[in-house]
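Numbering (our numbering), first residue to last: 96 to 175.
The beta carbon of each residue, even a glycine, is placed where N, CA and C say it ideally should be.
Note that the coordinates shown come from a computational prediction; the quantities given were computed from them, not determined experimentally.
Here the structure is laid out as structure tokens; the discussion comes afterwards.
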């Protein structure tokens, strides 16, 4: 690696270690766990919602909170 590449790598690693990135990481992990727990409690397909929340993060949390109703029957198809 040349010195410029090393400097870019060092800056990138420094950004990853910043407090903002740590907070974003914990918020992302929490949102995935919350979506999975809500899906499990409502009888939805946990694996589908897990993948959905990993890919879209907080959008999946908002979707599962507002789209699914407590009186709705459990999902029977693979569609979201």
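- In this structure, the CA atom of residue 133 is about 27 Å from the CA atom of residue 115.
- Apart from the 5 residues on each side of it in sequence, residue 97 has no Cβ closer than 7 Å to any other Cβ in its chain.
- Under the three-state reduction of DSSP output, residue 126 falls in the helix class.
- With a cut-off of 8 Å on Cβ pairs, the region 105–113 is not in contact with the region 127–143, counting fewer than three such pairs.
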